Every structure is written in C-alpha cells, then in structure tokens.
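Student: The sequence shown runs -16 to 307 under my numbering. All C-beta atoms, glycine included, are put in the ideal place defined by N, C-alpha and C. Since this is a predicted model, take the numbers as computed values, not measurements. Just passing along the structure, written as structure tokens.
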Amino acid sequence: MRTKDVAYQALLNRVRDGKGTHEDWLLLRTRVIGIGLHISLNEPPWNEAPILVYRNELRTELNNRAVINKAYETGRSPTVVIATDTIKAKKHIDLPDLTKRLLALSDNKTEHLPGYLPLVPGMPVLLQENIACEIGLSNGTLGIFHELIYDETKEHTTSADEGIFTADTVFVRNAQYALVELRKSKIKNLESLDPLIIPIPVIEKTFEVNLEKLYADKGPIMKILNSKKLKTTISVKRRGLPLVPAYSITTHKSQGQTLPKIVIDLNMPPGMVEVASAYVPLSRVQQLTDLTILQDFSINALQVKPSKGQIAELNRLSVIFKQT
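Next comes the structure, spelled out in structure tokens:
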C-alpha cells in the first residue's frame, strides 16, 4: 500500500467517502504555504516536486514557463519540437492560421501528441504512450530528458509562433527520437548509451478536429466552410514525440503513481466537483509531510459525497492504490 502514515491513511479514507472532518481540514492546512508551512518552492526538495493541476491548459502554461526557466538556469536556449500535421481531406482546406491553431491544441485533444514540446536537458518528462509495457515503457512513466536526436537543420524563430516562447528558442521540425533516463525501465543498459537511457521515437497518431470549435472566435468561418462545401470535421495525422514536460501534471494523469513530493491546490475549478478531485492528488504521496498545498481551501473540498459512478471509479483507484 502506498501510504505509510497511519493517521494520513485514515484521513484519505474519510475523504474518499466524502466524510472529511474539521480535524482533517485543520491537519491539511498545516501543509498550506504561508499558513502552517513556511517554505520556498524555489529550494530543494520542493523545486523538484511536480505541481498537480486539474486543467490541461494550466498544466501546459506552467510547464512552458518552467522549461524556459530551466534553460536559462543552465545557460541554454530553449528547444521546442514542433509536430508535423497532415490533414486528411478530399478537398484542400485553406483557412487562416489553420496550422498554428492545430499545433496550439491541448494534447488531450490530439491523442496526447503535443504540437509544441519544449525541452531542456535535465528536465522531468512524462511518457504519453504505451511503447513497450513489458519493459516498463508505459503511459504515465516519469523520466529525465537528456538529449534530442534530429537532423542537423535548426530553425530559429521570431514572432512567427505567437510569442509563446522566447525569441532565442530553437525550433526543431525534424526530430527523430529523444534520449530519456527511465529508472523504472527493465532495460538497464543499451549498447553505446549510458545506463537507463532509452530512446523514445517519434510516433504517428490520427485525431479529429471540429473546425467550428477550432475557429469559435471567428464567426465568419462557417460561411467560408459552407461556400467551399467543406466538412466541419477534419482528420489530422500527427507525427511527434509522445512526451510532455512533467514540472506540472494533471491529477488525472497522476492516477496510480506514487510520487516522492508533490505540490497541489485543493481549490477546484468551475464545474462539477468530483470526490476524486481531492482524493487523487492527496493519495499520491506516502505521508503528509510529502505534500505542499499552494493556498488555503474550503473544508467542502473534503466532503463531496460520491455518486454510484464515482464509487465505482474510486474502487478502481483503490485497486491501483493497493498495487503500488
């Protein structure tokens, strides 16, 4: 079982059932920065702890900033791998900024292949594909990025990429594979590579995109589609690396993992609050002291009653919990 702190385990069981107590709330508040805890996220061990968030968009923004900071700390220019998209359609589609809009899509809408993948040696990454589960290369595996292998053509960009990244960023459109240190890999040494270094290759995935949603900010787009008799949904084949930075991870992606240290926020985003919203991040660590909470939160986060569907999901998580 993941948790070795008996009191914390009892707290988790109550949160799981939506029965968090006032005492549980007070105990967790001792881990809130500035209230019961006086630490810096810029210092060890918390500067290496992933931030768990609920939204993919926030995760991407935090990761982009963290990679840029890491690059400057190590005296390097940030490198960004740009995925290659091929639109599969009978008719040519000529819409403004279509390529950029596709690349900017969150990877949870693109079969988990990011359009822009910022990288710098020494950064944590998360594998997004089951490459070879039998040897430990499975979806959700954490690793450390070491090197990008690509054709020698390097492309410097300016404002062409909407200012998402800094002006000195090196953009690579012809990546072949990434060398990643995977400590959980069952392959300990490959010829000509350092121990635990595994090449993660570029892969291809196909996904569908609704053009009406993609251009929701452009009202006249439907007139263009109708005038050209184009379908509102297109199929896109993407070629890219199945990796994302892991400075920040979604709570969904963290399911089933035991993490040494984490930083979380128990203030839920707008929309339906599910019991797993609090239970999943809280149960990623083995003891209370492995957890830091960004800001104060309401006791309501610990008292969400699970529905029948949520109970089934929590039972599934419980099985994973006991196996890790």
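Note down, in chain order, each residue of its chain lying with its Cβ closer than 6 Å to the Cβ of Asn(-4), except the 5 sequence neighbours on either side.
Tutor: The residue you call residue -4 lines up with position 13 of the sequence shown. Answer for Asn(-4): no residue qualifies.
Student: Using 10 angstroms around the beta-carbon of Glu112, count the other beta-carbons present and answer buried if the total reaches 16, otherwise exposed.
Tutor: In the sequence shown, counting from the first residue as 1, residue 112 sits at position 129. With 16 or more Cβ atoms within 10 Å of its Cβ, Glu112 is classed as buried.
Student: Under 8 Å, do Lys169 and Gly119 count as touching if we go by C-beta distance?
Tutor: As a working mapping, residue 169 is identified with position 186 in the sequence shown. As a working mapping, residue 119 is identified with position 136 in the sequence shown. In contact: Lys169 and Gly119 (Cβ atoms closer than 8 Å).
Student: By Cβ distance below 8 Å, which residues in the same chain neighbour Ala143 in space, the five residues on each side in sequence not counted?
Tutor: Here residue 143 refers to the residue found at position 160 when the sequence shown is read from its first residue. Residue placement at Ala143 is poorly supported in this model, since its pLDDT is 49, which falls under 50; the coordinates still yield a value, given next. Cβ neighbours of Ala143 beyond the five flanking positions: none.
Student: Going by beta carbon distance, what residues of the same chain come within less than 8 Å of Leu176, once the five residues before and after it are set aside?
Tutor: Residue 176 sits at position 193 when you count from the first residue of the sequence shown. Closer than 8 Å at Cβ, skipping near neighbours: Leu162, Pro182.
Student: For the alpha helix (DSSP H) holding Tyr(-9), just list the boundary residues, first then last.
Tutor: Numbered from 1 along the sequence shown, position 8 holds the residue referred to as residue -9. Residues -11 to -1.
Student: Span of the alpha helix (DSSP H) holding Ile51?
Tutor: Position 68 of the sequence shown, counting from 1, holds the residue named residue 51. 39 to 56 is the span of the alpha helix (DSSP H), which, as asked, contains Ile51.
Student: Would Val64 and Ala158 be called neighbours here (beta carbons separated by less than 8 Å)?
Tutor: Position 81 of the sequence shown, counting from 1, holds the residue named residue 64. Position 175 of the sequence shown, counting from 1, holds the residue named residue 158. Against a cut-off of 8 Å, the Cβ pair of Ala158 and Val64 comes out as a contact.
Student: Could you check where the beta strand (DSSP E) with Val103 kicks off and where it finishes?
Tutor: If you number the sequence shown from 1, residue 103 lands on position 120. Counting along the chain, Val103 falls outside any beta strand (DSSP E), and DSSP gives it neither H nor E.
Student: So, is Thr93 buried or exposed, given that buried needs 16 or more other C-beta atoms within 10 angstroms?
Tutor: Taking the first residue of the sequence shown as 1, we reach residue 93 at position 110. By the neighbour-count rule (16 or more Cβ atoms within 10 Å), Thr93 is buried.
Student: How far does the beta strand (DSSP E) with Val163 in it extend, from its first residue to its last?
Tutor: Position 180 of the sequence shown holds residue 163. Per DSSP, Val163 belongs to the beta strand (DSSP E) from 158 to 164.
Student: Can you give me the Cβ contacts of Thr189 inside the same chain, cut-off strictly under 8 Å, excluding the 5 residues immediately before and after it?
Tutor: Within the sequence shown, residue 189 is the residue found at index 206, counting from 1. Hits under 8 Å: Lys71, Glu94, Ser218, Val219, Lys220, Arg221.
Student: Rounding to the nearest angstrom, what Cα-Cα distance links Thr82 and Asn193 in this structure?
Tutor: Here residue 82 is taken as the residue at index 99 of the sequence shown, counted from 1. Here residue 193 is taken as the residue at index 210 of the sequence shown, counted from 1. For Thr82 and Asn193, the distance between alpha carbons rounds to 14 Å.
Student: Measure the C-alpha to C-alpha separation of Asn250 and Val15 and round it to an integer number of angstroms.
Tutor: Locating residue 250 in the sequence shown gives position 267, where the first residue counts as 1. Locating residue 15 in the sequence shown gives position 32, where the first residue counts as 1. Each residue's alpha carbon lies about 12 Å from the other.
Student: To which residues of the same chain is Gln270 closer than 8 Å at the C-beta, ignoring the five residues directly before and after it?
Tutor: On the sequence shown, residue 270 is found 287 positions in, with the first residue counted as 1. Only Thr(-14), Lys(-13), Asp(-12), Tyr(-9) meet the Cβ criterion.
Student: Give the secondary structure of Asn314 by DSSP, where H, G and I count as helix, E and B as strand, and everything else as coil.
Tutor: Residue 314 cannot be examined here, being either before or after the span of the chain that is shown, -16 to 307.
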